[in-house]
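> Going by the working numbering, the first residue of the sequence shown is number 1256, and it counts up by one from there. Beta carbons: idealized from backbone N, C-alpha and C, even for Gly. Got a structure for you, written out below as structure tokens; questions coming shortly.
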Amino acid sequence: MELNEIEHKNFVKKKFDLIVKKYDLVNLIGSLGQDYLWRKKVALVLKKTPTPILDLCCGPFTLSLALLKERPCPIFALDFSLEMLFYGKTKLSEKEKYFIYPVCADAEILPFKSETFGTLSIAFGLRNLSNKEKALEEFYRVLKPEGVLAILEFSLPKVFIFKKIYLFYLTKYLPLLGKLLTGDKEAYQYLAESIQKFPPPEELKKTLLKIGFKEVIYEYFTLGIVTFYLAIKGKS
Ligand SMILES: C[S@@+](CC[C@H](N)C(=O)[O-])C[C@H]1O[C@@H](n2cnc3c(N)ncnc32)[C@H](O)[C@@H]1O
């Protein structure tokens, strides 16, 4: 059944609200620890990019904390799930609380003035947004000239045999693991579907260039199951 934008948003929010406390654990087990390395690589690339930083679809601050580890500077961490933000706060040390500013809002309608942020990051969030192009335009709007947008997102492996194995893992094994750990199989079936529907890297690159980003590069991680994109806004 096709959902409209509002229904899709409510569905996504409900699903993430339900798995909050087990979110990091399923990531760790499901990716065999790779997810930690993916976020670390992103954090290293963003070590010297312009500030302030806005981490979109931050969940329980998973990427925000990886970024903070590499550079102690204020990070605005935005998610529309209050449950995620509340749970994320319980993970923070006193020092980390000083640097992370949680914002509860919709990533598709950002509550910020144009040209506010030097760097925007979004890890495993873009796939969940109802209108991806509109959201990317919104990201472009709040970035300062020469600002940087970093996107980490799932993709499908290029090598045929590995793609087959991965699709089996994604559609059969992961929903079972998710059910076992969180009690919600549907959330992980949704994950598998959303990965398959997400545009391939070359297509996303074209969309980013169309929106106005001056330079877009991407790199595959772990045989292409994840792609890291870096888009730079031109001087205005
Ligand atoms: C897969 S989690 C990613 C969490 C984190 N970035 C990470 O690195 O693991 C996706 C997050 O996006 C949030 N989200 C989905 N749609 C959103 C929207 N329209 N606005 C804000 N947050 C959204 C969900 O609540 C969830 O916490």
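(1) Roughly how far, in whole angstroms, is the beta-carbon of leucine 1381 from the beta-carbon of isoleucine 1406, given that I think they are within contact range, below 8 Å?
(2) Is any non-hydrogen atom of ligand 1 found closer than 7 Å to the C-beta of isoleucine 1417, if you look at the structure I gave you?
(3) What did DSSP end up calling phenylalanine 1483 once you bin it into helix, strand or coil?
(4) Which of helix, strand or coil does DSSP assign to valine 1267?
(5) For tyrosine 1356, write down the residues that DSSP places opposite it in a beta bridge.
(6) Do we get a CB-CB distance below 8 Å when we pair aspartate 1272 with the residues of chain C?
(7) Any heavy atom of ligand 1 closer than 7 Å to the CB of leucine 1318?
(8) Which partner residues of alanine 1405 appear in the DSSP bridge assignment?
(9) Please report the distance separating the alpha-carbon of proline 1456 from that of tryptophan 1293.
Reading off the structure:
(1) For this step, residue 1381 is matched to residue 126 along the sequence shown. For this step, residue 1406 is matched to residue 151 along the sequence shown. So it is a contact: roughly 6 Å between Cβ atoms.
(2) Working through the sequence shown from its first residue, we reach residue 1417 at position 162. Note on identity: in this sequence residue 1417 is phenylalanine, with isoleucine being the wrong assignment. No, Cβ of phenylalanine 1417 sits at least 7 Å from all heavy atoms of ligand 1.
(3) As a first step, residue 1483 must be located in the sequence shown, where it is residue number 228. Note: phenylalanine 1483 maps to strand in three-state DSSP.
(4) What you label residue 1267 is simply residue 12 of the sequence shown in a count that begins at 1. Helix at valine 1267.
(5) To locate residue 1356, count along the sequence shown from 1; it is residue 101. Bridge partners of tyrosine 1356: Phe1331.
(6) Here chain C cannot be found, since the structure has a single protein chain.
(7) As a working note, residue 1318 is residue 63 in the sequence shown. Yes; taking the cut-off as 7 Å, the Cβ of leucine 1318 has a heavy atom of ligand 1 nearer than that.
(8) Counted from its first residue, the sequence shown places residue 1405 at position 150. Partner(s): Ser1376, Leu1485.
(9) Here residue 1456 corresponds to residue number 201 of the sequence shown, with the count starting at 1. Here residue 1293 corresponds to residue number 38 of the sequence shown, with the count starting at 1. Straight-line Cα distance between these residues: approximately 17 Å.
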